[in-house]
Amino acid sequence: MDRFLSSSVNRIDAKGRVSVPAPFRAVVLKRGYSELYALRGLDAPAMDVGGLDLLDRYEQRIAQEDPFQQTADDMSFFCHGDGTFLKLDQDGRIMMTDFIRAHTGISQEVAFVGRGQFFQIWEPGRLAEHGAKVRERLLKLRQAAAGATIGGQTP
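Going by the numbering used here, the first residue of the sequence shown is number 66, and it counts up by one from there.
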C-alpha cells in the first residue's frame with residue numbers, strides 16, 4: 066500500500082506522544098520519509114501531514130504565481146513558515162506540541178485520517194462533526210445529480 070487510507074483514534078501518552086497508526090507508518094517507510102511536515106489546515110481545525118512531497122505540491126502552485134504579488138507571499142508564508150516538522154521516534158510516535166494542540170483542539174486523543182497522498186490529524190469530536198458535514202454535502206450532490214437525470218437521460 067502506498068497511500069494513506071482509513072482512520073483511527075489513538076490516545077496521547079503522559080509525555081505528550083501519540084502512536085501513528087501502523088498502516089500510516091508503513092506508507093511513511095515505503096516512501097522513505099525521514100521526517101514529516103505538518104501544515105495547519107486553512108479551512109478546518111486539522112493538520113495536513115506528509116513528507117517533503119506535500120511541500121512540493123504547494124511550491125509548484127506558488128511557482129505559478131507572480132512573485133511580486135501578495136498571493137505568492139501569502140502562499141509561501143503558509144507552507145514554509147506556518148507549519149512544523151514532526152519526528153517519528155523509534156516506536157512510531159510523534160509529539161503533540163502546543164502548536165498542533167492550539168490549532169486542532171486536541172487534548173487526550175488524536176484522530177488520524179488518510180487523505181491519499183497525505184494524512185490529517187484531528188481532535189476526534191471535531192472530526193466527527195466534519196465527517197457529518199462532508200457526508201451531508203455529498204448526499205446533496207448525489208440527490209441533485211439524481212434529480213437531473215430522468216429515465217437515464219439528462220433533461
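Where is the CB? At the ideal position from N, CA and C, for every residue including glycine.
Checklist entry - Counting Cβ pairs, one atom from each stretch, are 3 or more of them under 8 Å apart for the segment 71 to 90 and the segment 125 to 136? => result No, because fewer than three Cβ pairs between the segment 71 to 90 and the segment 125 to 136 fall closer than 8 Å, the two stretches do not touch.
Next on the checklist: One question on the structure: do F150 and E100 come within less than 7 Å of each other, judged by their Cβ atoms?
Outcome noted: Residue numbering aside, residue 150 sits at position 85 when the sequence shown is read from its first letter. Residue numbering aside, residue 100 sits at position 35 when the sequence shown is read from its first letter. Yes, they are a contact pair.
Item to check | Whole beta strand (DSSP E) elements within the segment 175 to 213, 3-residue minimum | outcome: Within the segment 175 to 213, the complete beta strand (DSSP E) runs of at least 3 residues are 184 to 187.
Checklist entry - What residue ranges within the segment 92 to 119 form continuous alpha helix (DSSP H) runs of no fewer than 4 residues, ordered along the chain? => result none
Checklist entry - For T149, which beta-bridge partners are listed by DSSP? => result One-based indexing of the sequence shown puts residue 149 at position 84. DSSP output for T149 lists A103 as bridge partner(s).
Checklist entry - By how many angstroms is the C-alpha of Y98 removed from the C-alpha of L119? => result As a working mapping, residue 119 is identified with position 54 in the sequence shown. As a working mapping, residue 98 is identified with position 33 in the sequence shown. For L119 and Y98, the distance between alpha carbons rounds to 11 Å.
Item to check | Contact set for G181: own chain, Cβ-Cβ below 8 Å, skip 5 residues either direction | outcome: As a working note, residue 181 is residue 116 in the sequence shown. Within the same chain, G181 has close Cβ partners R68, F69, L70.
Item to check | CB-CB length for R158 against V93, believed under 8 Å | outcome: The residue you call residue 158 lines up with position 93 of the sequence shown. The residue you call residue 93 lines up with position 28 of the sequence shown. Not confirmed; about 12 Å, so no contact.
Checklist entry - How about the segment 103 to 113 and the segment 199 to 206: do they share at least three Cβ pairs that are nearer than 8 Å? => result no
Checklist entry - Short check: CB of V114 to CB of F164, under 7 Å? => result By 1-based counting over the sequence shown, the position of residue 114 is 49. By 1-based counting over the sequence shown, the position of residue 164 is 99. No, they are not a contact pair.
Item to check | Per-residue burial, E188 [other beta carbons within 10 Å of its own, 16 or more giving buried] | outcome: As a position in the sequence shown, residue 188 is number 123, starting the count at 1. Under this definition E188 is a buried residue.
Checklist entry - What are the residues that DSSP puts in a beta bridge with I127? => result Along the sequence shown, one-based indexing puts residue 127 at 62. I127 is not bridged to any residue.
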